[in-house]
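To start, the structure itself, in structure tokens.
What follows is the structure, given as structure tokens:
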């Protein structure tokens, strides 16, 4: 991160804000082009300072997000994640019908499973294929997500602090990723650009609906894939490769 540091004062590294501003301007162009190409964007930030901002910005932009916990394979094993989403949907239907034919304990266990699955998957329930871009707060913490994106060739745009390795990041925004104000300011700028571009392209923004580039109408191939997933085993939770 030396190339992004202006100077050191009493053991504290001062980020070069001129470079940060240029990086933000470049990031705005990146999200604009992603939307123009009708590709979806996945916002990621599970640290306490970032959770609410990540969720709010992603929902405002009509994009996907992960703000609670990154489950290993969310990108590289999306089929398994889709099976978990189907499990959640089946549980919701059973509980909505009053749990007919189920014992109280079974209903209770089902309710707990619903809460856990919804917490981890609520922001990607409609994600049927890998996104076109990752927007990450603190890539050091979200290193598994970054690694999966690198493996699949998905570009990563990240808010990177002085203690992070910028090499795996294609689009770096050097900043204090622990400061709520910084996170809000930067993600807010990206969100506004996404919304403006979608409005210009007359792309509807709605929660839990198909993201930019997806009409919400399944093709025959997608429908067949969904049917295949339905026949798969119930999976309450995927393998978690995250550090404890």
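Residue numbers (our numbering): -1 to 242.
The beta-carbon is built from N, C-alpha and C at its ideal position, and this holds for glycine as well.
From a predicted model like this one, the values you see are computed outputs, not experimental measurements.
DSSP places residue 152 outside any beta strand (DSSP E), giving it a letter other than H or E.
Our two residues, residue 107 and residue 84, have alpha carbons roughly 17 Å apart in a direct line. In the structure shown, residue 12 adopts extended strand secondary structure according to DSSP, grouped into three states.
For the pair residue 137 and residue 148, the Cα-to-Cα distance works out to about 12 Å. For residue 132, the enclosing beta strand (DSSP E) begins and ends at 131 to 135. Taken through DSSP and simplified to helix, strand or coil, residue 67 comes out as coil. Taken through DSSP and simplified to helix, strand or coil, residue 190 comes out as helix.
Under DSSP, residue 7 forms a beta bridge with 10. The Cβ-Cβ distance between residue 21 and residue 144 does not fall below 8 Å.
Of the candidates 152, 63, 27, 86, the residue whose Cα lies closest to the Cα of residue 192 is 27.
By the beta-carbon neighbour count (other beta carbons within 10 angstroms, threshold 16), residue 61 is buried.
Straight-line spacing of the CA atoms in residue 112 and residue 55 works out to 25 Å.
Only buried fits residue 175, as 16 or more other CB atoms lie within 10 angstroms of its CB.
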